[in-house]
Structure formats: structure tokens, C-alpha cells
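Down below is the structure, laid out as C-alpha cells.
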Amino acid sequence: MENEINNRDFSKIPKVVIKRLFKYHSALEKLIIDGISNVSSSELSDDVNVKASQLRKDLAYCGEFGTRGKGYEVSYLHDKLSEILGLQMEWNYILAGLGRLGRALVNYKGLVSRGFKIKAIFDISAEKIGQPYHDIMVYHIDEMQSVIQDMDIRIGLITVPADAAQSVCDKMVEAKISAILNFAPVLLKTKDKVFIERVDISREMVTLSHYLSHHECQEKD
Numbered sequence: 032m033e034n035e036i037n038n039r040d041f042s043k044i045p046k047v048v049i050k051r052l053f054k055y056h057s058a059l060e061k062l063i064i065d066g067i068s069n070v071s072s073s074e075l076s077d078d079v080n081v082k083a084s085q086l087r088k089d090l091a092y093c094g095e096f097g098t099r100g101k102g103y104e105v106s107y108l109h110d111k112l113s114e115i116l117g118l119q120m121e122w123n124y125i126l127a128g129l130g131r132l133g134r135a136l137v138n139y140k141g142l143v144s145r146g147f148k149i150k151a152i153f154d155i156s157a158e159k160i161g162q163p164y165h166d167i168m169v170y171h172i173d174e175m176q177s178v179i180q181d182m183d184i185r186i187g188l189i190t191v192p193a194d195a196a197q198s199v200c201d202k203m204v205e206a207k208i209s210a211i212l213n214f215a216p217v218l219l220k221t222k223d224k225v226f227i228e229r230v231d232i233s234r235e236m237v238t239l240s241h242y243l244s245h246h247e248c249q250e251k252d
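Convert by adding 31 to the 1-based position in the sequence shown; the result is the number in the working numbering.
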């Protein structure tokens with residue numbers, strides 16, 4: 032079973048499944064803290080408000096984990112999901128745009144606990160440039176490529192206004208950043224092989240309005 036899991040191509044897992052795998056991973060962390068060694072698919076699915084059949088289908092993308100009559104070994108499944116989600120590694124990232132949202136992200140401790148470490152901040156404000164924010168130095172946006180060339184940066188967060196987001200994206204691509212999380216309300220384009228994930232609050236609010244209008248109000252996955 033171990034070799035079968037290790038030989039799988041996890042790049043084919045759909046994005047919606049990846050998001051649910053993280054929910055399972057978080058639930059397993061709580062079970063470990065509570066000293067629980069085994070959990071059934073129905074128990075784990077109840078913890079994350081997902082159907083047991085959906086949970087088993089999602090985990091099937093990753094390999095064979097459960098044992099009939101015993102369920103899943105909590106620590107083993109947690110460790111394997113950590114590997115699949117890339118959480119067994121530390122990831123350095125930068126942030127462009129030290130406004131209110133940017134400051135909130137720098138202050139968010141949940142990223143640090145998952146192994147994401149901010150190494151540099153970029154902005155265009157003369158008042159911010161050259162000053163550390165929570166011990167992280169703020170540089171001018173035009174210095175990005177030279178500043179991060181020796182930092183092993185793979186991830187960039189964009190929290191600038193919409194009209195500046197594409198330019199910042201281009202600078203990140205030039206600096207060899209391969210994954211971008213975009214909080215600006217605009218679609219970004221690049222010719223390079225860069226993974227761009229957009230955080231669209233309006234889209235999430237519309238999802239809520241749909242469920243409030245047509246379904247019972249409960250947490251959905």
C-alpha cells in the first residue's frame with residue numbers, strides 16, 4: 032500500500048478535492064490532539080460536514096488508507112495528507128501591497144503554523160519603504176527581482192488595487208515566482224507556467240446568497 036501511494040500522480044487531483052482534503056487534514060489534527068488513534072469514514076465525514084461516500088471518493092484519489100472494521104489510522108492518514116498537500120515542507124512567500132488586507136495577512140498566525148513564512152513585503156509608499164513591519168522589511172515594488180533572488184521564494188501574495196495587480200503579477204513572474212495568490216478583484220494573465228489562485232469575496236458572497244435563497248442554511252463544502 033505504501034508503494035502504491037508513493038507512486039501516484041497527485042497533480043491530477045481536482046482543486047475542489049484538494050480543498051476538501053485540507054478540511055480532512057485539519058479534522059485529523061484535532062483528533063490527534065484528542066488522543067484518538069482510529070476514526071471511521073462516517074465519523075470523520077461528520078466532523079467536516081461531508082457525506083461519507085464523498086470522503087471515501089476523495090481519499091481514493093490519494094490511495095488506499097482505510098481498513099474494514101477499523102477505519103482510518105489517524106496519524107498515518109494525517110501524515111499522508113500532509114505530504115499530498117505539501118504541508119511537510121516550509122514555503123517562503125512575499126506579499127505585495129501593505130494596505131489593510133496586506134497587514135491582516137502578515138498578522139495572521141495560521142500561515143506560520145502551516146509552514147508558510149513571509150520573507151519580504153513590497154509597496155510603493157515612501158512612508159512604508161525601508162521600514163520593517165513586524166520584523167519583515169518593506170521594499171519598493173521595483174526591487175522585487177533583486178531582493179528575492181537568493182531567498183528561495185515560490186509563492187507571491189497580491190493585495191494591491193485592481194489597476195496595479197497585473198503589473199505586480201508580471202514582476203512576480205519575472206522574479207521566478209511560480210504560484211500566486213491574488214486578492215485583487217481582477218483576472219490576471221501570464222504566458223509563463225505560473226499557478227494563479229484568485230480569492231474572490233464577491234463570488235463567495237453570491238454562493239451564500241444562493242444557498243440562503245434556495246437551500247437550508249448550513250455549512251457546505
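In this text, a Cβ means the ideal position worked out from N, Cα and C, and glycines have one as well.
Where residue i falls: helix, strand or coil (DSSP)
| i | result |
| --- | --- |
| Arg229 | strand |
| Leu136 | helix |
| Met120 | coil |
| Lys50 | helix |
Nearest-angstrom Cα separation, counted from residue j out to residue i
| i | j | result |
| --- | --- | --- |
| Ile179 | Met168 | 12 Å |
| Val105 | Asn69 | 5 Å |
| Lys207 | Ile227 | 13 Å |
| Leu126 | Lys101 | 45 Å |
| Val191 | Thr98 | 48 Å |
| Tyr92 | Ile211 | 25 Å |
Assigned exposure category for residue i - 16 Cβ within 10 Å defines buried
| i | result |
| --- | --- |
| Ser72 | buried |
| Val143 | exposed |
| Ser233 | exposed |
| Asn213 | buried |
| His165 | exposed |
| Lys82 | exposed |
| His241 | exposed |
| Asp223 | exposed |
| Asp65 | exposed |
| Met203 | buried |
Length at least 4, wholly inside the stretch 174-220: the alpha helix (DSSP H) runs in chain order:
Correct list: 175-179 and 193-205.
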